[in-house]
């Protein structure tokens, strides 16, 4: 797995300009938004897209075919994908956190809003990756991986119509639930990847 | 011991299947794997590497089942495809850093020596390298952990004769160690004539023959003549025949033909074409 993380860090360095573009694009979109719902959706969609970016070049280069001739287990391959995607999505959301928090709290900086937004972003990011990564590993298409997120966030919005009521719950339980979902989805991804032919 | 042993391998896709593939590559030998496009060479190699899941059959590498012992076996093999399938923004030096973490036996000195020998730039991105350079880099990557077995799928296709010759020389140098083995799939039958010990011919997903190269080249002959002359040949000697530009060409078993018939020495390509396009009947 070390080898794959080294490779991914090299690839992220090569794609640094594109990675820098994602937060900028997200901010541009946020400035055009007028509802909290769409703001969150925008951040999550862009950050998930960015987290899948290293896999695009791998796909073009047929890297998976070569990678699977090396003595690296499929489990390690999946864990490295989860690690690099998680790190990228966290970096993106850390950049977005002050801006999102500022916009959510009615253009004022308040510490509880900062924590609340951070927790919500982390939870949503974990959930988004938990769905997007298995979808990508199965389909090998970023669009197929991201499309379900619109639906999932839409449903979540319908269930939690008044998010403000759940502030404490989201702060405490949300990130844990997100991490559990992400962990469970890694098993689905390993199963899907093991079945794949190259 | 056999480096590779494939027994009754079956693999089906929509519109194509491998039927009952069986052959073996003895340790210390080079097996040439030939066949026309779409015959099943790459599919067989991918099954050997467990990149494709076999329907049934048995694949043993160094006497061990590839599915059960995948990781330990892959430590001892080097693979070269028809192109270098690594992220194209990386360069040869970065690939060295990655491979160091993959293989405990990775030999950076050997790797950079090969790059220098082939004049492959160490700091140029893979995407800027020519096809010949990419293939040389691919071979350096496959060799630098000192594998016991090399699997090469069309490594010389599309390369000029000079580069091909360099690659063949490197493969011959690799074979100086008697425990090393190679399975080399190629359209370039002339390359295989230079270096292979055995040739396996696959056609329409089935193995037509798997023979020692010397047996093929010295036991077969080509007779060219008219229909009347062909009729004089003993029936059991005729393997395949086909209409040529100047009469009928017949692939025969040399020892079964009277020396009065003038026979031409066949090439691997001749034999392959006879088996694909020739007829069995007189």
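Protein chains in written order, with the UniProt record's numbering: chain A, 1 to 198; chain B, 1 to 282.
The beta-carbon is built from N, C-alpha and C at its ideal position, and this holds for glycine as well.
Computed from a predicted model, the values in this text were never measured in an experiment.
Beta-carbon of residue i versus every beta-carbon of chain B: anything under 9 Å?
i, result
"residue 6/A", "yes"
"residue 71/A", "yes"
"residue 22/A", "no"
"residue 140/A", "no"
"residue 198/A", "yes"
"residue 3/A", "yes"
"residue 10/A", "yes"
Please classify residue i: does DSSP put it in a helix, a strand, or coil?
i, result
"residue 186/B", "coil"
"residue 32/B", "strand"
"residue 27/B", "coil"
"residue 19/B", "strand"
"residue 160/B", "coil"
"residue 66/B", "coil"
"residue 56/B", "strand"
"residue 49/B", "coil"
"residue 70/A", "coil"
"residue 7/A", "helix"
"residue 59/A", "helix"
"residue 264/B", "strand"
"residue 124/B", "coil"
Counting only beta-carbon atoms, is residue i nearer than 9 Å to chain A?
i, result
"residue 178/B", "no"
"residue 33/B", "no"
"residue 231/B", "no"
"residue 99/B", "yes"
"residue 155/B", "no"
"residue 64/B", "no"
"residue 120/B", "no"
"residue 223/B", "no"
"residue 46/B", "yes"
"residue 112/B", "no"
"residue 41/B", "no"
"residue 52/B", "yes"
"residue 103/B", "yes"
"residue 275/B", "no"
"residue 16/B", "no"
If you follow the beta strand (DSSP E) that residue i is in, where does it begin and where does it stop?
i, result
"residue 80/B", "77-80"
"residue 85/B", "Segment: none, residue 85/B is in no beta strand (DSSP E) and carries neither H nor E."
What are the start and end residues of the alpha helix (DSSP H) that includes residue i?
i, result
"residue 102/B", "92-102"
"residue 19/A", "16-32"
"residue 274/B", "268-277"
"residue 6/B", "Note, residue 6/B: premise wrong, no alpha helix (DSSP H); beta strand (DSSP E) at 2-13."
"residue 70/B", "70-74"
"residue 67/A", "63-67"
"residue 151/B", "Per DSSP, residue 151/B belongs to no alpha helix (DSSP H); it is in the beta strand (DSSP E), 149-153."
"residue 177/A", "174-195"
"residue 138/B", "131-143"
"residue 308/B", "Residue 308/B falls outside the range modelled here, since chain B spans only 1 to 282, and no answer is possible."
Relative to the ligand HEM, is the shortest distance from any of its heavy atoms to the C-beta of residue i smaller than 8 Å?
i, result
"residue 24/B", "Among the components of this structure there are no ligands whatsoever, and the ligand HEM is therefore not found."
Write down every uninterrupted run of the alpha helix (DSSP H) in the region 192-253 of chain B whose length is 4 residues or greater and which is fully enclosed by it, in chain order.
-> Every alpha helix (DSSP H) stretch that sits fully inside the region 192-253 of chain B and reaches 4 residues is listed by chain position as 213-219 and 227-231.
3 or more residues per run - each beta strand (DSSP E) lying fully within the region 76-125 of chain A | The DSSP assignment places no complete beta strand (DSSP E) segment of no fewer than 3 residues inside the region 76-125 of chain A.
Positions along the region 51-68 of chain A whose CB lies within less than 8 Å of some CB in chain B = Within the region 51-68 of chain A, the qualifying residues are 57, 58, 60, 61, 62, 63, 65, 66 and 68.
Could you run through the region 67-79 of chain B and flag, in chain order, every residue whose CB is less than 7 Å away from some CB of chain A?
-> Residues of the region 67-79 of chain B with a C-beta less than 7 Å from any C-beta of chain A: 71, 74, 75 and 79, listed in chain order.
Select from the region 83-94 of chain B all residues with a C-beta closer than 7 Å to any C-beta belonging to chain A, and list them in chain order.
-> Here the close residues are 85, 86, 87, 88, 89, 90 and 94.
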